[in-house]
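This report refers to the structure that appears directly beneath it.
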Amino acid sequence: MVAARPEVAGENVSRLSFTPAALALIEQLWAQHGPLMFHQSGGCCDGSAPMCYQAGEFRTGGQDVLLGTLELPPLPPLPPLPPLPTEAGAGTPSPVAREIPFWMSREQFGVWAHTHLTVDTVPGRGSGFSLEAPEGKRFLIRSRLL
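In the numbering used here, the protein residues as written are 24 to 169.
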């Protein structure tokens, strides 16, 4: 399990973690789609599953709570480009940091405020809006009381 960085004001212990299976699917989706984000609403059906989107594809606002941020290992730096004729040198590239925010609707957070959430995957088709839908797997939440 990998714990997400806590983001709820006043909290210093993570209330969100990811299983190895979830991390493997997240890595696959990152490779296909680039930076990602999660949102957990409180609706019925697909609304009760965590939804994975390309970063910025789902608008969040005051009605949402940033629950945690998954910090993935950085990608190796891209090879440096050759310097332009007017440049002295290209410098050493830095590793590319990868962070995935996990948002929850404020109303749902009110219901789940006393739980630890684990993001996992199971076989099956996810929501048509979530990026894992065509992969034959879907994200789900396992919860336990804090």
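Heads up, the beta-carbon is just placed ideally off N, CA and C, and yes, glycines get one too.
As the structure is a computational prediction, the values presented were derived from the model and not from experiment.
Span of the alpha helix (DSSP H), counted from its first residue to its last, around VAL88: No alpha helix (DSSP H) holds VAL88; the beta strand (DSSP E) holding it covers 87-98.
Residue nearest to PHE132 in terms of C-alpha spacing, selected from LEU46, GLY91 and THR42: Ranking the options by Cα distance to PHE132, first place goes to GLY91.
Pair within 8 Å by beta-carbon distance, CYS75 and GLU155: With contacts defined by Cβ atoms closer than 8 Å, CYS75 and GLU155 form a contacting pair.
Closest Cα partner of ALA29 within the set SER71, PRO157, LEU140 and HIS56: Rather than Ala, the amino acid found at residue 29 in this sequence is Pro. The option with the nearest alpha carbon to PRO29 is LEU140.
Rounded Cβ spacing between TRP126 and SER166 (contact assumed at less than 8 Å): Not a contact, Cβ separation roughly 17 Å.
Unbroken alpha helix (DSSP H) run spanning ARG129, endpoints: Element bounds for ARG129: 129-135.
Whole-angstrom distance between PRO146 and PHE162, CA atom to CA atom: Approximately 9 Å, taken between the alpha carbons.
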